[in-house]
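For reference, the structure discussed in these notes is given below.
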Amino acid sequence: MNPIALLDYAGVAVFAATGALAASRKQLDIIGFLFLASGIGGGTLRDVILNLPVFWVANSSYVLICAAVAVLVFFAAHRVESRWKWLLWLDAIGLAAFSVMGAAKGLAITGSPVVSVITGVLTATSGGILRDLLAGEPSVLLRPEIYVTAALAGAAIFTAGDVTGLPPIFSELAGFAAAFAVRGGA
Amino acid sequence: MNPIALLDYAGVAVFAATGALAASRKQLDIIGFLFLASGIGGGTLRDVILNLPVFWVANSSYVLICAAVAVLVFFAAHRVESRWKWLLWLDAIGLAAFSVMGAAKGLAITGSPVVSVITGVLTATSGGILRDLLAGEPSVLLRPEIYVTAALAGAAIFTAGDVTGLPPIFSELAGFAAAFAVRGGA
Amino acid sequence: MNPIALLDYAGVAVFAATGALAASRKQLDIIGFLFLASGIGGGTLRDVILNLPVFWVANSSYVLICAAVAVLVFFAAHRVESRWKWLLWLDAIGLAAFSVMGAAKGLAITGSPVVSVITGVLTATSGGILRDLLAGEPSVLLRPEIYVTAALAGAAIFTAGDVTGLPPIFSELAGFAAAFAVRGGA
Numbered sequence: 001m002n003p004i005a006l007l008d009y010a011g012v013a014v015f016a017a018t019g020a021l022a023a024s025r026k027q028l029d030i031i032g033f034l035f036l037a038s039g040i041g042g043g044t045l046r047d048v049i050l051n052l053p054v055f056w057v058a059n060s061s062y063v064l065i066c067a068a069v070a071v072l073v074f075f076a077a078h079r080v081e082s083r084w085k086w087l088l089w090l091d092a093i094g095l096a097a098f099s100v101m102g103a104a105k106g107l108a109i110t111g112s113p114v115v116s117v118i119t120g121v122l123t124a125t126s127g128g129i130l131r132d133l134l135a136g137e138p139s140v141l142l143r144p145e146i147y148v149t150a151a152l153a154g155a156a157i158f159t160a161g162d163v164t165g166l167p168p169i170f171s172e173l174a175g176f177a178a179a180f181a182v183r184g185g186a
Numbered sequence: 187m188n189p190i191a192l193l194d195y196a197g198v199a200v201f202a203a204t205g206a207l208a209a210s211r212k213q214l215d216i217i218g219f220l221f222l223a224s225g226i227g228g229g230t231l232r233d234v235i236l237n238l239p240v241f242w243v244a245n246s247s248y249v250l251i252c253a254a255v256a257v258l259v260f261f262a263a264h265r266v267e268s269r270w271k272w273l274l275w276l277d278a279i280g281l282a283a284f285s286v287m288g289a290a291k292g293l294a295i296t297g298s299p300v301v302s303v304i305t306g307v308l309t310a311t312s313g314g315i316l317r318d319l320l321a322g323e324p325s326v327l328l329r330p331e332i333y334v335t336a337a338l339a340g341a342a343i344f345t346a347g348d349v350t351g352l353p354p355i356f357s358e359l360a361g362f363a364a365a366f367a368v369r370g371g372a
Numbered sequence: 373m374n375p376i377a378l379l380d381y382a383g384v385a386v387f388a389a390t391g392a393l394a395a396s397r398k399q400l401d402i403i404g405f406l407f408l409a410s411g412i413g414g415g416t417l418r419d420v421i422l423n424l425p426v427f428w429v430a431n432s433s434y435v436l437i438c439a440a441v442a443v444l445v446f447f448a449a450h451r452v453e454s455r456w457k458w459l460l461w462l463d464a465i466g467l468a469a470f471s472v473m474g475a476a477k478g479l480a481i482t483g484s485p486v487v488s489v490i491t492g493v494l495t496a497t498s499g500g501i502l503r504d505l506l507a508g509e510p511s512v513l514l515r516p517e518i519y520v521t522a523a524l525a526g527a528a529i530f531t532a533g534d535v536t537g538l539p540p541i542f543s544e545l546a547g548f549a550a551a552f553a554v555r556g557g558a
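Chains F, G and V, in that order, give the protein sequences. Using the numbering used here, you'd call the opening residue of the first sequence number 1 and step up by one each time. Using the numbering used here, you'd call the opening residue of the second sequence number 187 and step up by one each time. Using the numbering used here, you'd call the opening residue of the third sequence number 373 and step up by one each time.
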């Protein structure tokens, strides 16, 4: 498994954990629904908009990861909750990874830098937005403008690098670092 | 028309009725929008995720059923409202039918039991979730965890039956009965 | 560029402006997200439901128009806000244009008048509904029943005209005028 695919799984798992925590904080039992929304919501929207097979329909191990995270958080929510800070950083990793991978998929399919930036932002942010809509919270982890700005930075810098012909790994790391810095620095 | 197809139409009609009742309870005039959301929302999401033609685009009689229910409820809302209990049971039928049919469609297209369970849950629950989001209600009929649990039971038992080679009609009835029991028993 | 295509761009721009104003009124910084939702949300849902390539993925100039409107409103929000009345009329133009174009696309793809009316209503209203859900407002510009009724009038009259064999430009203008009259007259 290459590093980027590993980040993809990690992003799904981390966002699933934030959904499970949101459910736990509101004392909801619909844990599964919320972390599915968080973990696979953004990538689902991306694939539907790009008219691609939805990633977890093609490869259901993503759903199993979400389910495994659910069980873990269900038995360890108290412990994870006290590690809120740790989770904030993991969430920043997920956001940064998804902004780059959403943009990469959009750019590969359409060749359009504009579409690439938009799919990067949508992939990174819409899972969390859906989670907050369903949980009836305005925003769980952070003020939304930082979220969107960080995703925009990651997607735009990756896209700019890729369009100007930099090696993919370099564009990916630069986009990831930019999104992580904006999100983590806030 | 076979029994399952009949249940499909019945499910759409019953969920359309719950949407119209939600609109009536909040004294909204956007009845049509709410019961369209309730009646065809879940199946639309299922078909989009599975990359299939959306069922009511391929066969618009589903929309006409929703419209017919709208007119009926518009002229009889007072009467139906006093039969709340009766509607709760109909809603349980719709939920049970959609959890099985959503799973069956997911399984037929992908062959993956995991995807089958998820599409069953999404089909049965997302129409009602969309209705409540649009109506600004936390939950109209029941606490959401029962809703999701019932759909999960129906989809999982149908899928388990089908994967282990039971005759379709048996898996369908077992899944339907499980979802109906969890939902109706709560 | 023919007149209808011009209206298409105008509708996207006008709805983008209403999203940016909604963000400005709530003092949100996620302007971009809200006006993307408003400007391209309805057409995205339409294309996904009809299983067509999403219009702004195929032609990213729509996104650039949204971005240009964002910058304009960002520097002129104060001025535009004082021209609220003027915006209400522009919004009526966007609604009327989208109800006709959504119906036209649905009818061209499926040949079904029922689907045509539904896609017209969804295209014209769902961008604004998404905007209000994300902004946490019940309704920014007007009570929703007028919004849905106006879209229904526009889509139904266009569809009726087109099905009965009237020249397209006549059906389009009649539908546009009907939606505009219902929306603007309220």
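Glycine included, each C-beta is placed from N, C-alpha and C at the ideal position.
Other residues of its chain near residue i: CB distance less than 6 Å, five sequence neighbours each side excluded
i	result
residue 156/F	117
residue 177/F	none
residue 13/F	65 and 69
residue 339/G	364, 365 and 368
residue 113/F	159 and 163
residue 147/F	125
residue 280/G	197, 200 and 201
residue 100/F	154, 158, 172, 175 and 176
residue 408/V	438
residue 301/G	292
residue 493/V	523, 524 and 527
residue 556/V	464
residue 161/F	171 and 174
residue 54/F	44 and 47
Neighbourhood of residue i by C-beta distance below 7 Å, restricted to the same chain and skipping five residues each side
i	result
residue 410/V	387, 388, 390, 391, 499, 500 and 503
residue 353/G	none
residue 335/G	368
residue 305/G	232, 235, 236, 288, 289, 291 and 292
residue 381/V	437
Range of the contiguous alpha helix (DSSP H) that encloses residue i
i	result
residue 165/F	Neither: residue 165/F is in no alpha helix (DSSP H) and is coded neither H nor E.
Close Cβ partners of residue i (< 8 Å) along its chain, the five nearest in sequence each way excluded
i	result
residue 56/F	40, 43, 44, 62 and 63
residue 296/G	236 and 302
- Message: In chain order, what are the residue ranges of uninterrupted beta strand (DSSP E) at least 3 long that sit wholly in the region 43-116 of chain F?
- Response: Fully contained in the region 43-116 of chain F is no beta strand (DSSP E) run of length 3 or more.
- Task: Anything in the region 42-74 of chain F with a Cβ closer than 9 Å to a Cβ of chain V? List those residues in chain order, please.
- Result: Result list: 48, 49, 50 and 51.
- Task: Note down, in chain order, all residues in the region 488-506 of chain V with a beta-carbon under 9 Å from any beta-carbon belonging to chain F.
- Result: For the region 488-506 of chain V, the set of positions with a beta-carbon nearer than 9 Å to some beta-carbon of chain F reads 505 and 506 in chain order.
- Task: Compile a chain-ordered list of the residues in the region 152-166 of chain F whose CB is closer than 9 Å to at least one CB of chain V.
- Result: Within the region 152-166 of chain F, the qualifying residues are 152.
- Contact residues within the region 282-294 of chain G, judged by C-beta distance below 7 Å to chain F: For the region 282-294 of chain G, which is checked against every Cβ of chain F, not one residue is closer than 7 Å.
- Query: According to a CB-to-CB cut-off of less than 8 Å, which residues of the region 544-556 of chain V neighbour chain G?
  - Reply: So the list is empty, because no residue satisfies the distance condition.
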